[in-house]
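Please read the structure below before turning to the comments.
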Amino acid sequence: METIVFIALLTSTVATLLGVFSKSTKQTIALMALQAAAIGFVELMYVLVNLVLGLHMEALVKFIASFVEWFSAAAISPLIIYWGMVRTADTVDKPLIDVRRGSLIVAAIVLIHLGLWVYYYQVIPKQLEALPFISLMFTLSVYLMVTRRDPLKVLVGLNMAENALFPLLARSPMVVVPFLLVLMIFVNIVGVFIVMESHRDYGSMEISDWRLSR
Amino acid sequence: MYSLLPLLCLVAPTFVAVLCLFTLPFDFLESFYSRIEKESLILGTGLTLVIVMAMVPDALAGMVLETPLLALRFDLTNAAGLLGVAVIFFLTSIYNIKSETGGRLKPSMYNFFVLLFQVCMLGLLLSFDLFYIFVFVELTIGVSIVLVAHSRNRLASESSYKYLIITAISALFVLFAVLVVYVLTGNSNLLALEGGLGVIQENPQLVALLAACFIIGLGADIGLVPFHGWVPDVFPASTPAVNGFFCAEPIAFILALYKLVKPFHHALDSNLIMVMYLGVGAASILFGALMAFSQRDFMRMMAYTSIEGFGHMLLALSLFTPLGFVAGTVYIVNGALMKMGVLLCLGSVSIMYGTNDMDALGGLVRRMRKVALIYVVCVLSVAGVPPLSGFYSKWLLLSAVNEYLLPHGTMVTVLVLGAFVSVSMVSAVYLIRSFQWIFLGRDRDEQKIVSRVPWAMWLPPALVALLAVLIGLQPWLLLNLIGVS
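Chain order of the listed sequences is F and U.
If you read the first sequence in the numbering used here, its first letter stands for residue 785, the second for the next number, and so on.
If you read the second sequence in the numbering used here, its first letter stands for residue -7, the second for the next number, and so on.
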């Protein structure tokens, strides 16, 4: 793996890790944007270099597709959730599992991934070299989702899990990229809409309160 | 054979859906549209039914209709499923005329999302490309959540949010598997992948991992145990018509899952994938049957009955034999139709009496004779009582299991078949008991004045009940539509 790719993946993994322990919704959204920006940065730079060197149509199309993918993950999705936060509330809360236990669990997750990476290093195909990072970020994002009561933070966790797949997503055929992006934005809009409606109906940002106020 | 009909099957409802949406920004069009909103939905679903039926004779003649550019394909492997989906949408859109009384969405938006939902179901069945299948899966999630949230029921917000999170995270498993397959093979066409998985095939652990991702991903969308968390909440939260439309979902998703997992099963030189399928299927059957037994809310009972049904469907397909495929498809299509019949009847009860609580109901047979008769036919069919269609689908399922297990020993076969029959008896007991609780006995609220059930609300389930009798007596009507690739 190239050093720049490693640094980008490490940065996005650290952003995901910090997201697990973040307190306010605003902070979590910012970390999500950072994670997406870092993970897509290298791919974006590659296609930019290809565009500058080659200056041909295919490189331009590839650059536009990559930029749109990156921009959608790093700016549009965070902005949609941020808009939802503005319309509801910036909740400050702690994860359901306290920080000490949470740190132990997160450390165990990281160690397991490290162990698996070392064990399977020879078997993982070259095209999937980012797989350990993808898997780690995905697991941390799911952990974030299950340890939060605030629905917007859960939605941020979902987006972080989605962003984790970016290194693979960047290699998908051009023709499906617009569909995938539109759908991901659509799901975010639907999620934020439901949170806003629920906040209006129940006056709370905790999913457990929605259940109790039936 | 090159044909544009499979594409037209998706384009026609999309076109009507977009037309519905077109009226939204213009006030004068919206007021006009409010007079034809129900009819426009019937137009969209009816048109689709006509197109699907137009393709059936070619499929029966053994032809494969293909639109290669979009990897769409219509043949006897998906004909029954497509016809089932089209019939469910058409009949439920008739039911929708009287049952849909407004929700959070404007009528044009509601129709748009219903038709889009139908497009997703048809797309999942027709498409043979990994990416397009994922696109339809993700679109289904968004659209179905909007339809659940459409209800003004107090449960709708929480249920739809739960549904969103569980299914959206599961969709990422599907996306992951699709991307890995594409990155490693450079191919996303399932027909090509059935010929071999290339590099992936050299790594059995990766094959199993990818198959597991598909099972987890689509399993959560279907509502299989242990990914079923959203199902018991979504059924009571949705409107009766939306519940009817949702009956098409297992047809599309379970057949799509089978289509996705089959190349991996062939590539792996062991029964690991079959064991995964069996495990999830058996857990769903047991959990669904036991949980349904203890329910007092009839919608929750139906939610758990559905989970049990999904388990049976998966179990038949998990055999990966020709008879298993036929049995599975018959079970899926018949199960979805009968479930729709039951849900529409229960929806009528819910609309008329404003409750889903079976303890608060009773003696409705005197006030809702037609609904009671239709309900008992559909329920007996779901329970597998002869000579109804449900009996035939269960019989086929048992035959497929018997054919597969007999070479492994008579004792195992007898035990497994015995377990099947026992679970089926449990489901028969609670389904027949629900009829007794709701329709027989003393009328709990004799003073309550309830209007007659409108024709639009009893005719669609009546047609389903008629199908139950027809297919039960002449099973070839459905069997002829199913072929093995």
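Yeah, the Cβ is synthetic: ideal placement off N, Cα and C, and Gly gets one too.
Using a Cβ-Cβ cut-off of 8 Å (strictly less than) and excluding sequence neighbours within five positions of PHE120 of chain U, which residues of its own chain qualify?
-> ALA63, LEU64, ARG65, ASN181, LEU182, LEU183 and LYS251
Which residues in chain F sit within 7 Å of ILE133 of chain U, going by Cβ to Cβ distance?
-> VAL971
Any Cβ of chain U within less than 8 Å of the Cβ of MET929 of chain F?
-> yes
Report yes or no: do the region 791 to 807 of chain F and the region 861 to 879 of chain F share at least 3 C-beta pairs separated by less than 8 Å?
-> yes
Are the beta-carbon atoms belonging to SER310 of chain U and LEU270 of chain U less than 8 Å from one another?
-> yes
With 8 Å as the threshold, decide whether the Cβ of ALA284 of chain U is near any Cβ in chain F.
-> no
Kindly indicate which three-state DSSP category VAL728 of chain F falls into: helix, strand or coil?
-> No information on residue 728 of chain F is available, as it lies outside the stretch 785 to 998 that chain F covers here.
Check the C-beta distance from VAL789 of chain F over to VAL826 of chain F and give it rounded, since I have them as a contact under 8 Å.
-> 5 Å
Among residues of its own chain, excluding the 5 on either side of ALA169 of chain U, which ones have a beta-carbon nearer than 6 Å to its beta-carbon?
-> LEU202, CYS205 and PHE206
Per DSSP, which one or two residues make a beta bridge with ASN943 of chain F?
-> The partner list for ASN943 of chain F (beta bridge, DSSP) is empty, contrary to what the question assumes.
Which of helix, strand or coil does DSSP assign to ARG65 of chain U?
-> strand
Check whether VAL341 of chain U and LEU329 of chain U have beta carbons under 8 Å apart | no
Can you tell me which of F:PRO951, F:LEU953, F:LEU952 and F:TYR927 puts its alpha carbon nearest to the alpha carbon of GLY941 of chain F?
-> F:TYR927
Close Cβ partners of ALA53 of chain U (< 8 Å) along its chain, the five nearest in sequence each way excluded = none
Beta-carbon spacing of LEU967 of chain F, VAL127 of chain U below 8 Å | yes
Just the chain U side, please: which residues come within less than 7 Å of TRP994 of chain F by C-beta, in chain order?
-> SER149 and GLU150
Put TYR345 of chain U into one of helix, strand or coil per three-state DSSP.
-> helix
Proximal residues, the region 186 to 203 of chain U versus chain F, C-beta separation under 7 Å | VAL191 and ASN195
From ILE80 of chain U to ARG96 of chain U, what does the alpha carbon distance come to, in whole angstroms?
-> 24 Å
Interface residues of chain U facing PHE917 of chain F [CB-CB closer than 7 Å] | Within 7 Å Cβ-Cβ: nothing; PHE917 of chain F doesn't reach chain U, min ~13 Å.
According to the neighbour-count rule (16 or more other Cβ atoms, all chains shown, within 10 Å of its Cβ), is VAL217 of chain U buried or exposed?
-> buried
Answer yes or no: does any C-beta atom of chain C fall closer than 8 Å to that of GLN911 of chain F?
-> Absent here is chain C; the protein component of the structure consists of chains F and U.
Let me know if GLN287 of chain U comes out buried or exposed under the rule of 16 or more other beta-carbons within 10 Å of its beta-carbon.
-> buried
Own chain, CB closer than 7 Å to LEU35 of chain U, minus 5 neighbours either side, in chain order | VAL8
In this structure, does DSSP put GLU482 of chain U in helix, strand or coil?
-> Absent from the structure is residue 482 of chain U, since the part of chain U shown begins at -7 and ends at 477.
So, is the C-beta of ALA945 of chain F closer than 8 Å to a C-beta in chain U?
-> yes
Looking at the C-beta of LEU965 of chain F, does it have a partner C-beta in chain U at a distance below 8 Å?
-> no
Excluding sequence positions up to five away, which residues of its chain have a Cβ less than 7 Å from the Cβ of PHE317 of chain U?
-> LEU309 and VAL476
Note down, in chain order, each residue of its chain lying with its Cβ closer than 8 Å to the Cβ of SER856 of chain F, except the 5 sequence neighbours on either side.
-> LEU965, MET968 and ILE969
Compare the C-alpha of ALA259 of chain U against each of U:CYS112, U:SER162, U:LEU189 and U:GLU130 and name the closest.
-> U:LEU189
Relative to the ligand ADP, is the shortest distance from any of its heavy atoms to the C-beta of VAL902 of chain F smaller than 7 Å?
-> Questions concerning the ligand ADP fall outside what the structure shown contains, since it holds no ligand whatsoever.
In its own chain, which residues sit with a C-beta less than 7 Å from the C-beta of ASP255 of chain U, not counting the 5 before and 5 after it?
-> Contrary to the premise, residue 255 of chain U reads as Pro rather than Asp in this sequence. Within the same chain, PRO255 of chain U has close Cβ partners LEU182, LEU185, GLU186 and LEU189.
Are the Cβ atoms of VAL273 of chain U and GLY303 of chain U separated by less than 8 Å?
-> Sequence inspection shows Gly at residue 273 of chain U; the Val mentioned does not correspond to that position. Contact: yes.
For LEU432 of chain U, which of helix, strand or coil comes out of DSSP?
-> coil
Is the Cβ-Cβ distance between PRO5 of chain U and VAL111 of chain U less than 8 Å?
-> yes
Boundaries of the alpha helix (DSSP H) in which THR297 of chain U is found, first to last residue | 290 to 310
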